[in-house]
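**Student:** Below: one structure in structure tokens.
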Amino acid sequence: MRLFKKKEAKQTLPTRTEALRCIPQKAEAANWRMTGDGDILIEYPLAIRPFFLQLASRFYPKERLPEPTRKLQLDRLGSMVWQMVDGEKNVGTIVTEFSVASGLTLQEAELSVTAFFRQLGRRGLIFMR
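Structural data, given as structure tokens:
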């Protein structure tokens, strides 16, 4: 009888090459528009915990329950990457195009684009396939 079990890995992370082959897609729930100065403003629904939904339902009728949204304004570089996400280009292609367009080295562009995608993924604005 074993006293201690070896813990199995819960989730394996993709390798760098697998991650660069992923194709990012914009979430359908995210509405975006370009502002006057060329930046992009993304508006997306905010997930609410059930406790707060019950609390809000006491003050509002169910038909008029407000749907909370968040807004995220992207800068020039973030807007450039957001426009490159079309559901067909993979991350590696976007990194290369971003590197050429912004004048960054390939390594700097890869770090910034992957960090940007990670933030957008945490907010539920993009997903990888």
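Heads up, the sequence shown is in our numbering, so the first residue is 1074 and it goes up one at a time.
We put the CB at the ideal spot given by N, CA and C, even for glycine.
1. Quick check on DSSP: helix, strand or coil for P1118?
2. Does the beta-carbon distance from Q1146 to L1119 come in below 7 Å?
3. Secondary structure at R1022, three-state DSSP: helix, strand or coil?
4. If you run the structure through DSSP and keep just helix, strand and coil, what is L1150?
5. Leaving out the 5 sequence neighbours to the left and right, which residues in its chain are closer than 7 Å to V1154 when beta-carbon positions are compared?
6. Within its chain, find whatever has a CB closer than 6 Å to the CB of W1105; leave out the 5 residues flanking it on each side and keep chain order.
7. Using only CA atoms, which one of E1161, T1142, K1099 lies nearest to Y1199?
8. Pick helix, strand or coil for P1141, following the three-state DSSP scheme.
9. Nearest to L1150 by CA position, among D1110, T1142, R1131, Q1127, is which residue?
10. DSSP on I1096, reduced to helix/strand/coil?
11. At the level of alpha carbons, what is the spacing between K1078 and P1087?
12. Can you check whether the CB of L1093 is closer than 7 Å to the CB of G1165?
13. What is the DSSP secondary structure of F1200, counted as helix, strand or coil?
**Tutor:** Quick answer:
1. strand
2. No, these two residues do not count as a Cβ contact at 7 Å.
3. Nothing about residue 1022 can be read from this structure; the chain reaches only from 1074 to 1202.
4. Reduced to three states, the DSSP call for L1150 is helix.
5. Residues of the same chain with a CB within less than 7 Å of the CB of V1154, apart from the 5 flanking positions on each side, are I1167, F1171, V1186, F1189 in chain order.
6. I1113, I1115.
7. Here residue 1199 turns out to be Ile, not Tyr, going by the sequence shown. When only C-alpha atoms are compared, the closest one is K1099.
8. coil
9. The shortest C-alpha separation from L1150 is found at D1110.
10. Coil.
11. 26 Å
12. yes
13. strand
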